[in-house]
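Protein chains in written order, with UniProt numbering: chain A, 1 to 760; chain B, 1 to 760.
This is the structure:
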């Protein structure tokens, strides 16, 4: 292939230079809390491995493999990998963890205790049995990152249009990937130097000899997971690559082409022969060790470096036209670097500096937002200071803490395990999204439903499973509801009209669209218990309640407050009783919740302030809706409320004295959420369910006022209940992680509504 | 029944005093443009009389009967009656009008030319044949208003709870309505005085004798539409009322109970005998003449007066316990008042003054917003000045204009006809609603689908037909679309992703959620043709287009403008070509529209300002979205645009010179809408249809950029088209009433989508 260097500064290339696609695979061993290989099966809560797009097992039953989708940013891939970790770790039983190092933990004495993955397909099992026989089970227990990389189509197309050597695009693209593969194999030692992270291995891993000192990467060395030296495949042309592989299989030296373990695999088709016609469309980089300092085994900056590395190799002229010579040299360099002591300088430092300079040059061609100067300066430092390599850092930590390699591994396995459970209602990688959406994504991933975030800010997801695509917003807005029903529920007047028409008890009242009209109507409501509220808003804003009726002054003020939130307001009859939220899905009440105002319970010993601080320690409490409950404040409103009870934050309430800190029961102002799904009288559930049916909704949060829930509710008897609101975007996280009572996994109900076949 | 007067001041009564229910029926004769009885059949466009809830025929084929639903305000009933008039008048053929006076127009010489209504049910026809035989066809041609009235349930219930005479509520309610009926029959002369409006009748109407002078109300007099004097029915008790009626039927004096023509009919059941068990639940007042000064035949203030009148009669003690005596007296008074000369004072003025005083007293009990003082003061004036009665006013107009009664009738028939066609895109009674909703309501009413406005501001309708209820918002949001699809379309990024994934050509681009991120990304877009726009807004706001690429300064400014409209913005590739709006419904392109910027066409004679003024005369142009097109302005932007062409508003463009006044093609800034549904190449319709299917939408406005619509469009060929937006709330009125081209009745398509059975 002729030099591409000259095209790098072409405008047509620069504008598309930074595009790419990435997909990650990450293996790791499942271990017990003691760091021993787990003896349990792959967790059943993770759905079926026969279709799971994200979570599989590789060689052994304990070797969990996480597979991301294809992304066009490093961030996207890392985020999903973060999430997959949360899902896997929280789905494992008995406190099992994931082993953070590429080299496996202590291996069992008896090989038979290493269980081959219990897959459904017999062919898959046979293949693993063959591998166990040829390489030994222990070699197969090594884990790593596979980095699938594709240049942007526009970049390759523009390059193709500019160059004059090729007239067929597919051929050009294939040769580009062959060139990059050769270059990668030639220079991959730098990756091993920077990111190698397997200095030690369990004694039982080695068969005859073993390294005499800690090294940069056992996995990438001759001790690693490699084919026998006689297995040689040419990267000169695609024809040769394919024919070499096929010959190896024909001769019985490989059982199938995927047994060929190269640091770079040419991809584009499941069947190697098809590469001849379809061409190579991406490459799979396979020599990345797990980074134990990262929960996901790989950092975003490593991915960015790899991207820049490959982009540089694309434009960099090859040092030789003899592919075999380059590959042999590359293997020699890499083997040497792999077995260097992690704290010693590499013998190829000079070539490394030259290579990093090439990366620097390419970087100057990238437009501002994609600039990687910081990253490259850091790589230069690491090249100069081997203790900053991953292997070097590992060694330094072990020395500092006097840890063995196993102890080091256990420490991080435990750390990442604890992190996964710290806030079980969040999903790593997507913590900026709404809690309900995070939990919903968790459930979908767990069950093997593919999830794509179409828009983060908008909480818009695309799910697919079994060829069936579903879009979901806010985890509760789906194709199962019709367009017009939520619009109906958004309008409180219309909702009430529809419910009243269907025979349900709703508070009487009037709607006003001008302040004057509302003010002049005071005589209608004089002396009646009323609620004044904006017509459409949904967060309890602008609502005034007058349980004993309002004076003209209070009424006028309430009208103005309500109008400040909306163009129309409602003045409604106040219904006495307790308010419950019924979450109805597909005709069935899935959760019932009682919310109580922020409060603490005295113990006769601590002050109100201390009790608040203690209650706020609950990991379910957070701020700004990042947790299912909000921390209780001690602001002006709370202090006023205390004052009315003759208390201050310094008062010590008696034992079992309940001190309220708020009048309103909103969870957002520190209120408690109590799940009462089991306890609630069925008669009210039936009222809620049939009312939601009357509205025509599939998913609905409906608020009932119930004066006495011990009495049987009756649709016709307005004394037993009243419906005050129906919510088309009902919160779900508060039901799933309530303050007290049993959590109701509503997100799973939504998932099953969309994909009932998952229930089987 | 004991006196109720004492309860009037009770708080429990006052709070519910003003509630009521009302339903109207209004008959009128269909006439030709010459004011002759129409000879055509009931219009076929009005659907079938076998189910039409609003538009029926009474006795004759020409006697159109309009029936409103039940409302709880006078305004609601009047508004619907207004709308029914628009629908009926616009549905009649050959310029037929409705006759505005109770007494029919010139009747044909031959009775056989008065056609009995061509109803489906043979029983209905037979009943009319019997009436024709017994009363003569001419008597049956009289028209009027029937006023159905029900006191609020709360008022009657509270009264029942306060009083001590009755222990059964149904019985109490029945006796209340009997009392009010007796009172109404006793004092109805005042209604005849105030609202009587049939001073003359055609000679052919009378059989033997006729009045010698103009009178207040022929219809309410002995010449009117009454039973023979010997038909007597007691209003003393419900038992007597029912048994009297049944006896009359048994004796063959009435063919069925509905042949009993009283000014008040007791209602509550189709079958009179059932009144004994179910009780009376409302009354039908039948003695209101058509008011020819009102298009609807009755004014809102008349309805308010009747309400107050009935409320007064409820609390007013009866002058006698002898019902027959009261009824006889009432009939005597009414007969006399009916035949008084309209310009003479009534002989019962004193009783009238006393009665109005009673109304005044009751009015003081009503809370502020329901106060009727103005109305009552006006009634007092009318009582003092007979020329202010309706009949008096009619006479004065006829005298002033030297019109005969027929000429008077023709004048108003023509006037109301012209009014109905002045703005055919509006629907009287609902002109404050969106045009598309008005047109949609027109279509639904025309076809006999029941329409209820659930919320005016929100354009929220409830339709019902054939037991099937449908809710519709904005005339295009229905149950046929799913919840999540419009949410998808609301988000331009998600829409593009979904379309791109499905293989459609959409402009490339990037989304930014911070100003800094967008600004720093300028190098990516430098020198490319781009569009900078807010992510979610839908009205063309905040959009900047750079067909030749943007300078850094222009780009920065555009980014800031877009961010002023939304939290996120898109910077997109600009697609060259012409933008067309495709309106796709149920998989089929129903309309294609091309919008052009505000412009005028020179005639070599008039100035730009004159051409604009002339173009603005089109009744399709209005302001503030009250018409399908907006008037062209001559403001700063337009003058600048003229200046750029070397013109001023005073310039005289050459013949056929097209002068643009705007750069943007929005209809809201005076642009023209051109329907090109027929002309558009089918290939683009198919692209639009399949793209909408890919989005999963039933109703969608999708915008295609087409560089050359004479070339066959191809989904795979990005050169032939690009999709720039999908709209979940697409405007419909501009397609129905375009500036040029054929109107596409999209509202009817929506109706047929909801009720396909209407197509049969």
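We put the beta carbon where it would ideally sit given N, CA and C, even for glycine.
- Neighbourhood of residue 471 of chain A in chain B, by CB distance below 7 Å: 484, 488, in chain order.
- Only those residues of the segment 451 to 477 of chain B whose C-beta falls short of 7 Å from the nearest C-beta of chain A are listed: 454, 455, 457, 458, 460, 471, 472, 473, 477.
- With fewer than 16 other CB atoms across the displayed protein chains lying within 10 angstroms of its CB, residue 742 of chain A is exposed.
- Taking 7 Å as the Cβ-Cβ cut-off, the segment 504 to 524 of chain A approaches chain B at 513, 520, 521, 523, 524, given in chain order.
- For residue 367 of chain A, the closest Cβ of chain B is nearer than 9 Å.
- Under the three-pair Cβ rule at 8 Å, the segment 315 to 323 of chain B does not count as touching the segment 437 to 453 of chain B.
- Taking the CA atoms as reference points, residue 190 of chain A sits about 12 Å from residue 384 of chain A.
- The Cβ-Cβ distance between residue 675 of chain A and residue 712 of chain A does not fall below 9 Å.
- Assignment of residue 146 of chain A by DSSP, reduced to helix, strand and coil, places it in the strand class.
- Not one beta carbon of chain A lies nearer than 9 Å to the beta carbon of residue 120 of chain B.
- Annotation: residue 750 of chain A has no Cβ neighbours in chain B at a cutoff of 8 Å; minimum Cβ distance is about 12 Å.
- Residue nearest to residue 29 of chain B within the set B:733, B:651, B:79, B:138 is B:138 (criterion: CA-CA distance).
- Here DSSP, grouped into helix, strand and coil, assigns residue 6 of chain A to helix.
- For the pair residue 533 of chain A and residue 521 of chain A, the CB atoms are not nearer than the 9 Å cut-off.
- Burial is judged here by how many other beta carbons sit within 10 angstroms of a residue's own beta carbon; residue 541 of chain A has fewer than 16 and is exposed.
- Within the same chain, and ignoring the five residues on either side of residue 246 of chain B in sequence, the residues whose Cβ sits closer than 8 Å to its Cβ are 257, 272, 273.
- By the Cβ neighbour-count rule, residue 51 of chain B is exposed, with fewer than 16 other Cβ atoms within 10 Å of its own.
- With its beta carbon less than 9 Å from one in chain B, residue 493 of chain A belongs to the interface.
- Between residue 750 of chain B and residue 475 of chain B, the alpha-carbon positions lie close to 8 Å from each other.
- Leaving aside the five residues that flank residue 359 of chain A on each side, the residues in its chain whose CB is nearer than 6 Å to its CB run, in chain order, 308, 312, 376.
- Just so you know, the alpha carbons of residue 212 of chain B and residue 62 of chain B end up roughly 29 Å apart.
- Rounded to the nearest angstrom, the gap between the Cα atoms of residue 430 of chain B and residue 295 of chain B is 15 Å.
- In this structure, the beta-carbon distance from residue 284 of chain A to residue 408 of chain A does not fall below 9 Å.
- Under the three-state reduction of DSSP, residue 106 of chain A is assigned to coil, being neither helix nor strand.
- The Cβ atoms of residue 599 of chain A and residue 660 of chain A lie closer than 9 Å to each other.
- Under the DSSP assignment, residue 267 of chain A falls in the beta strand (DSSP E) whose first and last residues are 264 to 267.
- With fewer than 16 other Cβ atoms inside 10 Å of its own Cβ, residue 130 of chain A counts as exposed.
- In the three-state reduction of the DSSP assignment, residue 672 of chain B falls in the strand class, which pools E and B.
- Per DSSP, residue 518 of chain B has no beta bridge partner at all.
- Check the Cα spacing between residue 630 of chain B and each of B:604, B:656, B:608, B:595: the tightest is with B:595.
- At a Cβ-Cβ threshold of 9 Å, residue 290 of chain B and residue 197 of chain B count as neighbours.
- Only those residues of the segment 421 to 432 of chain B whose C-beta falls short of 8 Å from the nearest C-beta of chain A would be listed, and there are none.
- Residues of chain A with a Cβ closer than 7 Å to the Cβ of residue 497 of chain B are, in chain order, 454.
- At a cut-off of 9 Å between beta-carbon atoms, residue 480 of chain B makes contact with chain A.
- Less than 9 Å separates the beta-carbon of residue 705 of chain A from that of residue 578 of chain A.
- Rounded to whole angstroms, the separation of the alpha carbons of residue 144 of chain A and residue 228 of chain A is 20 Å.
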